[in-house]
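Asks:
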Amino acid sequence: MLIRSLTPLLLVLAFQVSAAIPESHRTTIDQITGAKGTYVADEDVHRVTFPRNDVEVAVEGRRMHPFLGLTSWAAFTPGAHDDLMVMGDLVLFEDEVNPVMSVALDNALEVTALHNHFFFDSPRVMFMHIGGTGNPDKLATAVRRTLDKVKEIRSANPQPTTRFAGPNVSTSNSITPSPIDVVLGVKGQSNAGMYKATIGRKAEMHGKSVGNQMGVNTWAAFAGTDDAAFVDGDFAMLESEVQPVLKALRKAGINIVAIHNHMTHEKPQYIFLHYWGKGSAAALAKGLRSALDTQQPTQTASVVFVCEHGAAKSVIAAAYFNKLASERGLGLRAIARGTAPDPQFNSATTAGLQADGFAPLAGQPESLKSSEITSALLVVTLGAKLPDNMKSAKQMEWNDTPSVSADYLAARDYIRAQVEEMVNTISINSVK
12 MLIRSLTPLL LVLAFQVSAA IPESHRTTID QITGAKGTYV ADEDVHRVTF
62 PRNDVEVAVE GRRMHPFLGL TSWAAFTPGA HDDLMVMGDL VLFEDEVNPV
112 MSVALDNALE VTALHNHFFF DSPRVMFMHI GGTGNPDKLA TAVRRTLDKV
162 KEIRSANPQP TTRFAGPNVS TSNSITPSPI DVVLGVKGQS NAGMYKATIG
212 RKAEMHGKSV GNQMGVNTWA AFAGTDDAAF VDGDFAMLES EVQPVLKALR
262 KAGINIVAIH NHMTHEKPQY IFLHYWGKGS AAALAKGLRS ALDTQQPTQT
312 ASVVFVCEHG AAKSVIAAAY FNKLASERGL GLRAIARGTA PDPQFNSATT
362 AGLQADGFAP LAGQPESLKS SEITSALLVV TLGAKLPDNM KSAKQMEWND
412 TPSVSADYLA ARDYIRAQVE EMVNTISINS VK
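Throughout the sequence shown, residue numbering follows the working numbering, covering 12 to 443 in sequence.
And the structure:
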């Protein structure tokens, strides 16, 4: 009985011994990072530290010693398999954050948070949390490269700079909204030459559905001119989306200024990222689009096709529009709606679209909603009359569309030609 009772304990102890970081790994970490680490056997963690004593920092005018929270660190422990796991916190000045973040991402480290720890600090200090898994050489080299980037920046400028790189942005505002609408795939708002677009997301919190108006959203605000603009905003991201969005924004030269959460107890959990970019409005919009494209689709419809029954003409138009918009890389999506929808899709439409290579239609025709009209960039009616309470300033009418039931091919060819002309016009007028 004694042997049996000891067996589980012996297995646990054996696992703990086998999982310990070998001394050779600890030596490798120290040699590559250039620091003499400390090994804590109780937690099986090897930790290296790097005090930031190269730039004097004061809080409320009082000099801060690195011991008081100005020390970068990286801690290594065995991973779930044969690899190691690293977690760390890098103490960075504002002009170091984004170059160091790019180095971290390029070396397979994850960036998991970016925030401040102090108020009234001079110069401003930011803290960037990192993580990753891999072999000792890979992880230690990645950490070392982030530290080397800091040294490179401080060698060029011993004191932190106080502005983003690049030319100044004009204090006057004259942003043209329509090209940005096309790239982002939403209908933005204009105010005194400035532009703002918002893309809502959904969550559940305390048993209640919350969305765009409750702050679960991604937004972008542009100011300056079309040629020399800045953009600031916020990305709402699922945990799985954080690293792809970061990589896309940094590749586009857009600066990350904060990564944190806004809520607790929401499902799914959202992480929020704040950013700032400078350049032409075209380039900035495309950079944001590249980040949006890494996320799960959440955007509202950009184009609404409306026919009376929502079962034939509008369905064909939406199918071909979405196909062409995707092929052209436009950030636009179309939906089909009816003013008096049928209970099911037109049989000729269902068979014809499948023969044309489209996926089988799912669901049933849907009724037009006023919110869809309000948020759409364009509303196209195909022989239908919009209700009086759903008028749109951006409306096209295709009233000569042939009957789908009478001749699917004739109707399809007419609609497809109209859609192609529309998409060509949008492509020409979109951001170059």
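Ideal Cβ placement from N, Cα and C applies to all residues, glycine included.
Pair every Cβ in the region 204–218 with every Cβ in the region 187–196, then say whether three or more of these pairs are closer than 8 Å.
Replies: Touching, yes, given that three or more Cβ pairs across the two stretches are closer than 8 Å.
Asks: Compute the beta-carbon to beta-carbon distance between V180 and K47, rounded to the nearest angstrom, for a pair I have assumed lies under 8 Å.
Replies: About 46 Å separates the two Cβ atoms, so there is no contact after all.
Asks: Out of H276, V66, V197, L257, point me to the one whose CA is closest to V111's CA.
Replies: Selected option, being the one with the closest Cα: L257.
Asks: Is it buried or exposed, R300, if we count other Cβ atoms within 10 angstroms and call 16 or more buried?
Replies: It counts as buried.
Asks: Counting only runs that start and end within the region 317–399, where is the beta strand (DSSP E) found for 3 or more residues in a row?
Replies: The region 317–399 contains these whole beta strand (DSSP E) runs: 345–349, 389–392.
Asks: My output table needs one value for V28: the three-state DSSP class, helix, strand or coil.
Replies: Confidence at V28 is low in this model, with a pLDDT of 42, below 50, so its placement is unreliable and the value that follows should be read with caution. In this structure, V28 counts as helix in the three-state DSSP scheme.
Asks: Determine the contact status of A347 and E377, defining contact as a CB-CB distance below 9 Å.
Replies: Cβ atoms of A347 and E377: closer than 9 Å.
Asks: Sort N202, S325, T229 by Cα distance to Q307 and report the nearest one.
Replies: When each option's Cα is compared against that of Q307, the closest is T229.
Asks: When you compare only the Cα positions, how much space is there between V390 and Q375?
Replies: Approximately 20 Å, taken between the alpha carbons.
Asks: Which class does L21 belong to by DSSP, given the choice of helix, strand or coil?
Replies: Interpretation of L21 is limited by its pLDDT of 44, a score under 50 that renders its predicted location unreliable; no figure is taken from the coordinates.
Asks: Only counting the same chain, and skipping five residues up and downstream in sequence, which positions put a Cβ closer than 7 Å to that of P77?
Replies: Only P62, R63, N64 meet the Cβ criterion.
Asks: Could you spell out where the alpha helix (DSSP H) holding R37 opens and where it closes?
Replies: Here the alpha helix (DSSP H) through R37 covers 34–44.
Asks: For the beta strand (DSSP E) containing R58, name the first residue and the last one.
Replies: Per DSSP, R58 belongs to the beta strand (DSSP E) from 56–62.
Asks: Does A238 pass the burial test, meaning 16 or more other C-beta atoms within 10 Å, or should it be called exposed?
Replies: Sequence check: residue 238 is Asp here, not Ala. Exposed: under 16 other Cβ atoms inside 10 Å.
Asks: How is K207 classed by DSSP in three states: helix, strand or coil?
Replies: Of the three classes helix, strand and coil, the one that applies to K207 here is strand, per DSSP.
Asks: Grouping DSSP H, G and I as helix and E and B as strand, with all else coil, what is G145?
Replies: Strand at G145.
Asks: Given a cut-off of 9 Å, decide if F369 and L334 are closer than it, judged by their beta-carbon atoms.
Replies: A small fix is needed here, since residue 334 is Lys in this sequence, not Leu. Yes, the Cβ-Cβ distance between K334 and F369 is below 9 Å.
Asks: Beta carbon of A351, beta carbon of A329: below 9 Å?
Replies: No. Outside cutoff.
Asks: Give the straight-line distance between the Cα atoms of M225 and A422, rounded to the nearest whole angstrom.
Replies: For M225 and A422, the distance between alpha carbons rounds to 43 Å.
Asks: Below 8 Å, how does it come out for the region 354–370 and the region 391–411: are there three or more Cβ pairs, yes or no?
Replies: At 8 Å Cβ cutoff, the stretches do not touch.
Asks: Report the rounded CA-to-CA distance for Q280 versus D53, giving the unit in angstroms.
Replies: Spanning the two alpha carbons is a distance of roughly 32 Å.
Asks: Comparing C-alpha positions only, which one of T361, A428, A85, M248 sits nearest to R155?
Replies: With distances taken between Cα atoms, R155 lies closest to A85.
Asks: How far does the alpha helix (DSSP H) with S189 in it reach, from first residue to last?
Replies: Element bounds for S189: 188–195.
Asks: Is the separation between the beta-carbon of E319 and that of G340 shorter than 9 Å?
Replies: No, Cβ-Cβ distance for E319 and G340 is not below 9 Å.
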